[in-house]
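Undergrad: Quick note, the sequences are listed as chains P and W, same order.
The end of the first sequence is residue 418 by the working numbering, with every number in the run present.
The end of the second sequence is residue 418 by the working numbering, with every number in the run present.
Following this message is one structure expressed as structure tokens.
Protein chains: 2
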Amino acid sequence: MFDSGLGGLTVARALRARLPAESIVYLGDTARVPYGTRSADTVVKYALGCAKVLIERGVKAIVVACNTVSAVALDVLRVELDLPVLGVIEPGARAAVAASMGNVIGVLGTTGTIASGAYPHAVAAVSTRVEVVGQAAPLLVPLVEEGWLEGEVPRLAVRRYLEPLLARGAEVVVLGCTHYPLLQAIIESEAAAIAGHPVRIVDSAHATAEAVADFLREREAAAEGPELGRLDLLVTDLPKSFADVARRFLGTSVPHVTQIDL
Amino acid sequence: MFDSGLGGLTVARALRARLPAESIVYLGDTARVPYGTRSADTVVKYALGCAKVLIERGVKAIVVACNTVSAVALDVLRVELDLPVLGVIEPGARAAVAASMGNVIGVLGTTGTIASGAYPHAVAAVSTRVEVVGQAAPLLVPLVEEGWLEGEVPRLAVRRYLEPLLARGAEVVVLGCTHYPLLQAIIESEAAAIAGHPVRIVDSAHATAEAVADFLREREAAAEGPELGRLDLLVTDLPKSFADVARRFLGTSVPHVTQIDL
Chain P
157 MFDSGLGGLT VARALRARLP AESIVYLGDT ARVPYGTRSA DTVVKYALGC
207 AKVLIERGVK AIVVACNTVS AVALDVLRVE LDLPVLGVIE PGARAAVAAS
257 MGNVIGVLGT TGTIASGAYP HAVAAVSTRV EVVGQAAPLL VPLVEEGWLE
307 GEVPRLAVRR YLEPLLARGA EVVVLGCTHY PLLQAIIESE AAAIAGHPVR
357 IVDSAHATAE AVADFLRERE AAAEGPELGR LDLLVTDLPK SFADVARRFL
407 GTSVPHVTQI DL
Chain W
157 MFDSGLGGLT VARALRARLP AESIVYLGDT ARVPYGTRSA DTVVKYALGC
207 AKVLIERGVK AIVVACNTVS AVALDVLRVE LDLPVLGVIE PGARAAVAAS
257 MGNVIGVLGT TGTIASGAYP HAVAAVSTRV EVVGQAAPLL VPLVEEGWLE
307 GEVPRLAVRR YLEPLLARGA EVVVLGCTHY PLLQAIIESE AAAIAGHPVR
357 IVDSAHATAE AVADFLRERE AAAEGPELGR LDLLVTDLPK SFADVARRFL
407 GTSVPHVTQI DL
């Protein structure tokens, strides 16, 4: 599993809850976070570098725990790599269609994810009836990385990004970036305040964990047994601050975080 | 001249106003911006890569138009490179001491700049009497890169970062990051509102342009003549959006922006 930084830990946590015996190697490319404001070519180059590290560690499948990479590089990764590659967008799109009333789905994401059109594309594969409206929200990743998860600044930033989505009739809001679940409480309350009624929020991390678990079980490739699987954490920069966040975030004792060069 | 992204254009603009005949090669490492949240080792590695590109272009001196790099990598660059390397911190520190009443200087900067202690160090070289208090403000670079230069979100973020500085008695606030001059109006008005009186804001971009002009003139190395010097803009990602910002920002016609790989 890899991500541009710490956001993918939301997927790691969900997958660990779903498949506790599975061993996970998590790579956070913290030296080059954020990916969401980069061009597609740059994201593809970075993603291939991350995948190579995981393959050298002997993984059986790769989960792209990052919406930006899933949006712009998944096809290239699937062509270039000789093992299954699972992204976060298809599961998120399916969950959004299931949660919607069949009219309009709103997606919050990075500039790269929204510009790629990956969510409209993935939703169209499931339902031809549902319209998708997207909103780039580039300030939310820095807010999460800075730890500003409460108060007026994230509230106003979230409101500014949600208003156009809800004005265009979104019935469901997809958190189209693995960082955003850390702002879920604010996103829920602001969406309800703007809309005047509760708005369903779809977290692609959970949908992805379900999809990965289904994929591995169908192929009888899922680890079984009573023992908790290993969790290896690799980062490209700042292992100490990553360990602090991971500890708070995974809610468990976190192993040593290893710094690697990319 | 190089910077992690577009912030260094504030230095380019000031230098161009001061030495119009000088030719400038500006490299913005937009593929890896922001530097301010990276470790010192990573910033040093990136800075050496940027400097190499400029040297291959035949420059006579390098201006590190980035506080983070100036804070953590200037000594390494000076040891490793065979040409003059000028940073933004020494000029900013001198200007701050001159503007202060000799008691307390406040510095806003990235996490990397503040953690380095470079401003207290540079101020101590000029005055042993002045105390320096620092505040990391990691959200301001994303706000500038996103173009949110007005309104409640930048106002509240700026206020949150200024309050601890002013509570500790800062008489002057140094904009210790080349992105921050784009938020100068908000920083000035919030500082005045918190303090109850106007607070001097020191822009290290202008101080640096003065220092570079003095340095070149003392060595009779400054370009002279009636013709405007060349301006070459290089970036590592997203040349189009960089050109848009540079055009608005430099207030002149901007040449073609070239994308290079690092």
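All C-beta atoms in this analysis are idealised placements derived from N, C-alpha and C, irrespective of residue type, glycine included.
Can you find a CB in chain W that lies within less than 8 Å of the CB of Ser345 (chain P)?
TA: Against the first sequence, residue 345 (chain P) aligns to sequence position 189. Not an interface residue.
Undergrad: Just the chain P side, please: which residues come within less than 7 Å of Ser195 (chain W) by C-beta, in chain order?
TA: One-based indexing of the second sequence puts residue 195 (chain W) at position 39. Within chain P, the residues near Ser195 (chain W) are Asp393, Leu394.
Undergrad: Could you give the first and the last residue of the continuous alpha helix (DSSP H) run that contains Ser372 (chain P)?
TA: As a working note, residue 372 (chain P) is residue 216 in the first sequence. Here the sequence assigns Leu to residue 372 (chain P), which means Ser is not the residue at that position. Run containing Leu372 (chain P): 360-374, per the alpha helix (DSSP H) assignment.
Undergrad: In chain order, what residues of the same chain lie with their CB nearer than 7 Å to the CB of Met257 (chain W), ignoring the 5 residues before and after it?
TA: To locate residue 257 (chain W), count along the second sequence from 1; it is residue 101. Once the five neighbours on either side are set aside, the close Cβ partners of Met257 (chain W) are Glu327.
Undergrad: Name the residue from P:Pro294, P:Ala255, P:Ala227, P:Val279 whose alpha carbon lies nearest to the alpha carbon of Thr269 (chain P).
TA: Here residue 269 (chain P) is taken as the residue at index 113 of the first sequence, counted from 1. Nearest option by C-alpha distance: P:Ala227.
Undergrad: Please confirm whether Glu302 (chain W) has its beta-carbon closer than 8 Å to some beta-carbon of chain P.
TA: Here the question's residue 302 (chain W) lines up with position 146 in the second sequence. Answer yes: the Cβ-Cβ gap between Glu302 (chain W) and chain P drops below 8 Å somewhere.
Undergrad: Can you name the start and end residues of the beta strand (DSSP E) that Ala292 (chain W) belongs to?
TA: Here the question's residue 292 (chain W) lines up with position 136 in the second sequence. Its beta strand (DSSP E) spans residues 287-292.
Undergrad: Starting from the N-terminal side, write out each stretch of the beta strand (DSSP E) that is 3 residues or longer and does not extend beyond the segment 223-297 of chain P.
TA: Qualifying beta strand (DSSP E) stretches, in chain order: 260-265, 287-292.
Undergrad: Run through chain W and tell me which residues come within less than 8 Å of Glu308 (chain P), C-beta to C-beta.
TA: Stepping through the first sequence from its first residue, residue 308 (chain P) is reached at position 152. The contacting residues are Glu308, Leu312.
Undergrad: Provide the residue span of the beta strand (DSSP E) that contains Ile180 (chain P), from first to last.
TA: One-based indexing of the first sequence puts residue 180 (chain P) at position 24. It spans 180-184 - the beta strand (DSSP E) in which Ile180 (chain P) sits, taken as one unbroken run.
Undergrad: Using the three-state DSSP reduction, which class does Leu387 (chain W) fall into: helix, strand or coil?
TA: For this step, residue 387 (chain W) is matched to residue 231 along the second sequence. Strand.
Undergrad: Helix, strand or coil for Ile357 (chain W)? Go by DSSP, reduced to three states.
TA: Here residue 357 (chain W) refers to the residue found at position 201 when the second sequence is read from its first residue. Of the three classes helix, strand and coil, the one that applies to Ile357 (chain W) here is strand, per DSSP.
Undergrad: Between which two residues does the alpha helix (DSSP H) carrying Glu166 (chain W) extend?
TA: The residue you call residue 166 (chain W) lines up with position 10 of the second sequence. Going by the sequence as given, residue 166 (chain W) is Thr instead of Glu. Here the alpha helix (DSSP H) through Thr166 (chain W) covers 165-174.
Undergrad: List, from N- to C-terminal side, the alpha helix (DSSP H) runs of 4 residues or more that fit wholly inside the segment 307-336 of chain P.
TA: Those alpha helix (DSSP H) runs which fall completely within the segment 307-336 of chain P and span 4+ residues are 308-323.
Undergrad: Assuming Ile469 (chain W) contacts Thr392 (chain W) (C-beta within less than 8 Å), just tell me the rounded distance between them.
TA: The structure shown does not extend to residue 469 (chain W), since chain W spans only 157 to 418, so no value can be given for it.
Undergrad: Please identify the residue among P:Lys208, P:Asp197, P:Leu230 whose C-alpha is closest to the C-alpha of Tyr182 (chain P).
TA: Looking up residue 182 (chain P) in the first sequence gives position 26. Of P:Lys208, P:Asp197, P:Leu230, the residue nearest in Cα terms is P:Lys208.
Undergrad: Run through DSSP, which three-state label would Thr198 (chain W) get?
TA: If you number the second sequence from 1, residue 198 (chain W) lands on position 42. Correct three-state label for Thr198 (chain W): helix.
Undergrad: Given a cut-off of 8 Å, decide if Gly164 (chain W) and Ala252 (chain W) are closer than it, judged by their beta-carbon atoms.
TA: In the second sequence, the residue the question calls residue 252 (chain W) occupies position 96. In the second sequence, the residue the question calls residue 164 (chain W) occupies position 8. Taking 8 Å as the Cβ cut-off, Ala252 (chain W) and Gly164 (chain W) do not qualify as a contacting pair.
Undergrad: DSSP beta-bridge partners for Phe158 (chain P)?
TA: Sequence index remark: in the first sequence, residue 158 (chain P) carries index 2 (1-based). Answer is P:Leu183, P:Val220.
Undergrad: Rounded to whole angstroms, what's the CA-CA distance from Arg174 (chain W) to Leu296 (chain W)? Just pull it up for me.
TA: Locating residue 174 (chain W) in the second sequence gives position 18, where the first residue counts as 1. Locating residue 296 (chain W) in the second sequence gives position 140, where the first residue counts as 1. Each residue's alpha carbon lies about 27 Å from the other.
Undergrad: Using a Cβ-Cβ cut-off of 8 Å, state whether Arg356 (chain P) counts as contacting chain W.
TA: Numbered from 1 along the first sequence, position 200 holds the residue referred to as residue 356 (chain P). Chain W, which has no Cβ nearer than 8 Å to the Cβ of Arg356 (chain P), makes this no.
Undergrad: With a CB to CB cut of under 7 Å and the five nearest residues on each side skipped, what residues in its chain are close to Val225 (chain P)?
TA: Within the first sequence, residue 225 (chain P) is the residue found at index 69, counting from 1. Cβ neighbours of Val225 (chain P) beyond the five flanking positions: Tyr191, Val199, Ala203.
Undergrad: Might you give, ordered along the chain, the residues of its own chain that have their beta carbon closer than 6 Å to the beta carbon of Arg311 (chain W), omitting 5 neighbours on each side?
TA: The residue you call residue 311 (chain W) lines up with position 155 of the second sequence. The answer, listed in chain order, is Ile342.
Undergrad: For the segment 212-244 of chain P, which residues have a CB atom closer than 7 Å to at least one CB atom of chain W, in sequence order?
TA: Of all residues in the segment 212-244 of chain P, none has a Cβ within less than 7 Å of some Cβ in chain W.
Undergrad: Let me check understanding here. Comparing Cα to Cα, which of P:Pro395, P:Arg324, P:Lys216 lies closest to His412 (chain P)?
TA: The residue labelled residue 412 (chain P) in the question sits at position 256 within the first sequence. Minimum Cα distance to His412 (chain P) is reached at P:Pro395.
Undergrad: Examine chain W for any beta-carbon lying closer than 8 Å to the beta-carbon of Arg250 (chain P), and answer yes or no.
TA: Position 94 of the first sequence, counted from the start, is the residue given in the question as residue 250 (chain P). For Arg250 (chain P), the answer is no, since every Cβ of chain W falls outside 8 Å of its Cβ.
Undergrad: Compute the beta-carbon to beta-carbon distance between Ala168 (chain P) and Pro247 (chain P), rounded to the nearest angstrom, for a pair I have assumed lies under 8 Å.
TA: Translated into positions along the first sequence, residue 168 (chain P) becomes position 12. Translated into positions along the first sequence, residue 247 (chain P) becomes position 91. Actually they do not touch by this definition, with Cβ atoms about 15 Å apart.
Undergrad: Mind checking whether Arg314 (chain P) and Leu338 (chain P) have CB atoms under 8 Å apart?
TA: Within the first sequence, the letter at position 158 stands for residue 314 (chain P). Within the first sequence, the letter at position 182 stands for residue 338 (chain P). The displayed chain sequence assigns Val, not Arg, to residue 314 (chain P). The answer is no: Cβ separation not under 8 Å.
Undergrad: Going by the beta-carbon positions, is the gap between Ala377 (chain W) and Arg250 (chain W) smaller than 8 Å?
TA: Locating residue 377 (chain W) in the second sequence gives position 221, where the first residue counts as 1. Locating residue 250 (chain W) in the second sequence gives position 94, where the first residue counts as 1. No, they are not a contact pair.
Undergrad: In chain P, what lies closer than 7 Å to Arg188 (chain W) by C-beta?
TA: The residue labelled residue 188 (chain W) in the question sits at position 32 within the second sequence. Arg188, listed in chain order.
Undergrad: Counting only Cβ-Cβ distances shorter than 8 Å, please list the residues of the segment 263-295 of chain P near chain W, keeping chain order.
TA: Under the 8 Å Cβ criterion, the segment 263-295 of chain P contributes Pro294, Leu295.
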